[in-house]
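Each residue of the sequence shown is one higher than the last, beginning at 301 in the numbering used here. Ideal placement from N, C-alpha and C gives every residue a C-beta, glycine not left out.
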Amino acid sequence: MKKYNKTITDDQQFKRLIAYLSADRDEHRFDVVVNIDDQILVIGDWNEYSDLGSFINQFENSHNIVIGFDDEFIMCDECYKYLNHVSYPSDDFVWSSDCTIICGECAKKDSSDVIENLMNQNDKAFPEFMDTTDLINAGFKCCEHCEGKMAGMHTGMNDTPQNTIDSFCENNDLDHIENEYDYIFVIEGSNPFMVQYSLYVRKYE
Ligand SMILES: [Zn+2]
Numbered sequence: 301m302k303k304y305n306k307t308i309t310d311d312q313q314f315k316r317l318i319a320y321l322s323a324d325r326d327e328h329r330f331d332v333v334v335n336i337d338d339q340i341l342v343i344g345d346w347n348e349y350s351d352l353g354s355f356i357n358q359f360e361n362s363h364n365i366v367i368g369f370d371d372e373f374i375m376c377d378e379c380y381k382y383l384n385h386v387s388y389p390s391d392d393f394v395w396s397s398d399c400t401i402i403c404g405e406c407a408k409k410d411s412s413d414v415i416e417n418l419m420n421q422n423d424k425a426f427p428e429f430m431d432t433t434d435l436i437n438a439g440f441k442c443c444e445h446c447e448g449k450m451a452g453m454h455t456g457m458n459d460t461p462q463n464t465i466d467s468f469c470e471n472n473d474l475d476h477i478e479n480e481y482d483y484i485f486v487i488e489g490s491n492p493f494m495v496q497y498s499l500y501v502r503k504y505e
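(1) Tell me which same chain residues have a C-beta within less than 7 angstroms of the C-beta of residue 425, skipping the five on either side of it?
(2) Please name the residue or residues paired with residue 393 in a DSSP beta bridge.
(3) Mapping DSSP to helix, strand and coil, what is residue 435?
(4) Assess, as a yes-or-no matter, whether the segment 437 to 452 is touched by the segment 460 to 470 under the definition of 3 or more beta carbon pairs within less than 8 angstroms.
(5) Cα-Cα, which of 407, 465 and 345 is closest to residue 432?
(6) Pull every residue with its beta-carbon under 7 angstroms away from any heavy atom of ligand 1, and keep them in chain order.
(7) Whole angstroms is fine: what's the gap from residue 420's alpha carbon to residue 482's?
(8) Please confirm if the segment 371 to 380 is in contact with the segment 306 to 323, defined as three or more CB-CB distances below 8 angstroms between the two stretches.
(9) I'd like the list of long-range same chain contacts for residue 353, defined as Cβ closer than 6 angstroms, with 5 residues on each side in sequence excluded.
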């Protein structure tokens, strides 16, 4: 009788794993996607397949593969990169004006849409990862007395977008900021307990 003493190499095992994950089955489905830097991202519901998840994790260093939950990742509508929006800090992304999701890299390439989408609103802000030089180039400037504002859970962090606007109006003798200025809030720092922000304004021509 012929004896088989074949050792399966790491590479062969990995190829089988990818074939298994990529196969279409009724009982479950994984999405195997190639992300930036050739990282192989396997998205699925790992609560039910934790053993398989542990098996995959052993290839993380040798084959650049990682697992993610299906509700943890979103795709950039420009470059199709997958972003983790749940971890802290999460990957950088913004919503564009047509409600698509744009990763930080793509948003930085053309900030005009981002600015348009965020200005004149109290519940949105120019994110920390963007470059405020883009705002200055678009005609905005940081207001005196309206920088380094803090909203958070520690004592004294009581600023709000509305009271920041109110104090700007008071200092500039305005009834309503919209009468003379476009404005945009800019996040300068954040952690799970606080946000530091400033107000930038642009006077109408
Ligand atoms: Zn992108």
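This is what the structure holds:
(1) 418, 485, 486, 487 and 497
(2) 403
(3) helix
(4) yes
(5) 407
(6) 376, 378, 379, 381, 402, 403, 405 and 406
(7) 6 angstroms
(8) no
(9) 346 and 367
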